[in-house]
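All remarks here apply to the structure that follows.
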Amino acid sequence: MTEQDISNKIIPISQFPQGSPLPYTVLDATHMNAAYPEQKLEIRGGGYGSDAAAHPTNANQFYALTDRGPNADFDGSVGKGKQFLVPNYTPSIGLFELQAGGKIIKIKEILLKDRRGNPISGLPNPKALGGTDEVPYDVNGQPMTVNPNIPFDAVTNPIKTDINGLDPEGLAALKDGSFWVSDEYGPHLVHYDENGVEVERINAFASDERNNVTINGKQILLPAEFTKRRANRGMEALTITPDQTTLVGIMESAMDNPDKSGRISSLVRMVTINLVSGQIAQYLYRLENAEHVTSGIVALSHHEFYLIEHDRKLPLQDKSARKLIYKIDISSATDIETIINNEGIKQEDTLGLTLNGQTLEQFIAENEKNWQLLQKMAITPVKKTLVVDVLDSLDYPHDKLEGLWLRQDGSLGLLNDDDFAMTDTDIINPRSSVEQKYLDKRKTIEDANRLYIVMPTE
0 MTEQDISNKI
10 IPISQFPQGS
20 PLPYTVLDAT
30 HMNAAYPEQK
40 LEIRGGGYGS
50 DAAAHPTNAN
60 QFYALTDRGP
70 NADFDGSVGK
80 GKQFLVPNYT
90 PSIGLFELQA
100 GGKIIKIKEI
110 LLKDRRGNPI
120 SGLPNPKALG
130 GTDEVPYDVN
140 GQPMTVNPNI
150 PFDAVTNPIK
160 TDINGLDPEG
170 LAALKDGSFW
180 VSDEYGPHLV
190 HYDENGVEVE
200 RINAFASDER
210 NNVTINGKQI
220 LLPAEFTKRR
230 ANRGMEALTI
240 TPDQTTLVGI
250 MESAMDNPDK
260 SGRISSLVRM
270 VTINLVSGQI
280 AQYLYRLENA
290 EHVTSGIVAL
300 SHHEFYLIEH
310 DRKLPLQDKS
320 ARKLIYKIDI
330 SSATDIETII
340 NNEGIKQEDT
350 LGLTLNGQTL
360 EQFIAENEKN
370 WQLLQKMAIT
380 PVKKTLVVDV
390 LDSLDYPHDK
400 LEGLWLRQDG
410 SLGLLNDDDF
420 AMTDTDIINP
430 RSSVEQKYLD
440 KRKTIEDANR
450 LYIVMPTE
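In this text, residue positions in the sequence shown follow numbering that gives the first Met the number 0: the first is 0, and each later residue adds one.
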């Protein structure tokens, strides 16, 4: 056996200390920690919790994805939005290695860049291409504008947006070294080369000239109804089938389709894009609870996947917290893109499939029992089987379970999103609106990026 074979031998669960931390640097330590005013807030340059993906060949290496960067909800002079505490932050993909004894090291960092090779930001998109009127504020609580040297004016100095801004949430690592990333704005699906430079993009905006994926003479776009995704609830999870032909993504929760009346639905949309034929299919996934979210997916085959569904609750603060991993199968599910217009059933250009004038989100929000009516109409959702109840299997104290790494032995690596170890505060303090992110009510246990490994039951 060669030295490379030995180094690539997968580390078994039995030799892995659960909750091993990922390394991080300190991005900023100048803000006050609202929870403990005598302390500084440590914003950590980790945040690699949005998603994870296996390295194509090395059994102990995995990629992990950051989101848009350190930010906090903020209600300022121009309305509600986000305060960007590290405004020049660039989202990135990190390559990590799990070593003997459970230590995790970072091999490299790949900054995400636009087509010209310039680092992108996490700032909001323009309204026409994925923005939701979210106002960005700087570290001083002032609105970020096109010209930062003069006061905001809607006409002469409007709010700053970034057409390439991204809130990365889903990651698929390809065998050729490139990556597909999905986000929560458009949602956008962006293909990056091995150096993190954008090469192509798919979204639902026909007017976006960056939509340059054409297959068999047809431009590939997401279904138009995906533009109605709920703010900050876009395409949370993305994977690619083992044969590298098909992207598979799922929205985080029900969309605002046609408006907020749809968001209380337990219906979530899943989309597949065949990169060879150009065929797009769309399936329905039923959440256990409409307040749950999906947050990670990985392909087992062309039709079977592992999927994370959870409730974003902190287990140390709420005993009702749920963190679940399902095995799902789309082979017997209905591709709603193939349903043709019939009496009471219509494919609308901007709303997607409607039933007697209602969107699917409205139909399910009206009555949970309408899932049975869908079945009677031969509209079958994705089949799901619980394979890991995370809180029954692990001492897992985090709120956000988002990274899903399928290892070569069939086990699953789980990553939490620690939000760069900071969060909004519930403490009224004019000097700070943020605090260190804590896992317990007493605010003594700090959150951190950690890796856990479990074996599914089937």
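Glycine is no exception: its CB is placed at the ideal position from the N, C-alpha and C atoms.
Going by CA-CA distance only, name the one from the options that's closest to residue i.
i	options	result
Gly412	Leu403, Lys345, Ser392 and Pro455	Leu403
Glu311	Gln38, Asp418 and Gly121	For the record, residue 311 in the displayed sequence is Arg; it is not Glu. For the residues Gln38, Asp418 and Gly121, the minimum Cα distance to Arg311 belongs to Asp418.
Tyr62	Ser431, Thr456, Leu414 and Tyr437	Leu414
Val267	Gly261, Arg285, Asp255 and Asp258	Arg285
Pro11	Arg406, Asn341 and His302	Arg406
His302	Lys383, Asn428 and Tyr437	Lys383
Thr337	Arg115, Val270 and Ser264	Val270
Glu434	Asp66, Thr65, Asn70 and Tyr23	Asn70
Ser13	Ser410, Ile103 and Gly68	Ser410
Leu438	Leu313, Ile426 and Glu401	Leu313
Pro55	Gly68, Asn7 and Gly169	Asn7
Pro123	Val389, Ser294 and Leu165	Leu165
Met254	Gln243, His309 and Glu360	Glu360
Leu299	Leu188, Gln243 and Val389	Gln243
Around the Cβ of residue i, are there at least 16 other Cβ atoms within 10 angstroms (buried) or fewer (exposed)?
i	result
Met167	Reading off the sequence shown, one finds Pro at residue 167, where the question assumed Met. Pro167 should be labelled buried.
Met454	exposed
Asp175	exposed
Val138	exposed
Arg44	A small correction: the amino acid at residue 44 is Gly; Arg does not occupy that position in the sequence shown. With 16 or more Cβ atoms within 10 Å of its Cβ, Gly44 is classed as buried.
Gln82	buried
Leu372	exposed
Asp398	buried
Gly78	exposed
Lys227	buried
Gln374	exposed
Glu37	exposed
Glu457	exposed
Thr144	buried
Met0	Any reading at Met0 needs caution, since the residue's pLDDT is 33, under 50, leaving its predicted position unreliable; the model's value is listed next. Exposed, because fewer than 16 other Cβ atoms sit within 10 Å of the Cβ of Met0.
Does the distance from the C-beta atom of residue i to that of residue j stay below 9 Å?
i	j	result
Ala171	Ile109	no
Ala320	Thr379	no
Met234	Pro157	no
Val134	Pro142	yes
Val85	Leu40	no
Ile106	Met421	no
Lys326	Val386	yes
Gly121	Arg67	yes
Ser265	Ile335	no
Asp394	Gly18	yes
Ala236	Ser294	yes
Gln98	Asn57	no
Starting from residue i, follow the beta strand (DSSP E) in both directions and report where the run begins and ends.
i	result
Gln361	Careful: Gln361 lies outside any beta strand (DSSP E), inside the alpha helix (DSSP H) at Leu359 to Glu365.
Val433	Val433 to Gln435
Lys440	Per DSSP, Lys440 belongs to no beta strand (DSSP E) and is neither H nor E.
Asp72	Asn70 to Gly75
Arg209	Counting along the chain, Arg209 falls outside any beta strand (DSSP E), and DSSP gives it neither H nor E.
Ile324	Lys322 to Asp328
Ser294	Val292 to Ala298
Gln82	Gly78 to Phe83
Met31	Careful: Met31 lies outside any beta strand (DSSP E) and carries neither H nor E.
Ala420	It is not in any beta strand (DSSP E) - Ala420 carries neither H nor E in the DSSP assignment.
Ser181	Phe178 to Asp182
Ser91	Ser91 to Leu97
Val189	Leu188 to Tyr191
Leu40	Premise fails: Leu40 is in no beta strand (DSSP E) and is neither H nor E.
Leu450	Arg449 to Val453
Gln407	Neither: Gln407 is in no beta strand (DSSP E) and is coded neither H nor E.
Asn273	Leu266 to Asn273
Asp50	Asp50 to Ala53
Give every residue of the same chain whose Cβ lies closer than 8 Å to the Cβ of residue i, excluding the five residues on either side of it in the sequence, and list them in chain order.
i	result
Ser177	His190, Tyr191, Asp192, Glu193 and Val198
Asn215	Ser276 and Gly277
Gly343	Leu354 and Asn355
Asp348	Ala223
Assuming residue i is part of the alpha helix (DSSP H), what are its boundary residues?
i	result
Leu390	Val389 to Ser392
Lys375	Asn369 to Lys375
Please indicate yes or no: does the CB of residue i lie closer than 8 Å to some heavy atom of the ligand NAP?
i	result
Phe61	The model depicted lacks the ligand NAP and carries no ligand whatsoever.
Only counting the same chain, and skipping five residues up and downstream in sequence, which positions put a Cβ closer than 6 Å to that of residue i?
i	result
Pro20	Ala447 and Arg449
Val477	Past the boundaries of the shown model lies residue 477; the chain is included only from 0 to 457, so the question cannot be answered.
Ile272	Leu246 and Ile279
Thr131	Ala230
Val297	Thr238, Tyr305, Leu403 and Leu405
Between which residues of its own chain and residue i is the CB-CB distance below 7 Å, once the five residues before and five after are set aside?
i	result
Asp113	Ile119, Asn163 and Glu197
Gly80	Phe73, Glu133, Val134, Pro135 and Tyr136
Asn211	Glu199 and Arg200
Ser91	Thr65, Glu108, Ile109, Leu110 and Leu111
Glu330	Looking at the sequence provided, one finds Ser at residue 330 rather than Glu. Correct list, in chain order: His302.
Ala146	Residue 146 is actually Asn in this sequence, not Ala. Same-chain partners within the cutoff: Asn156.
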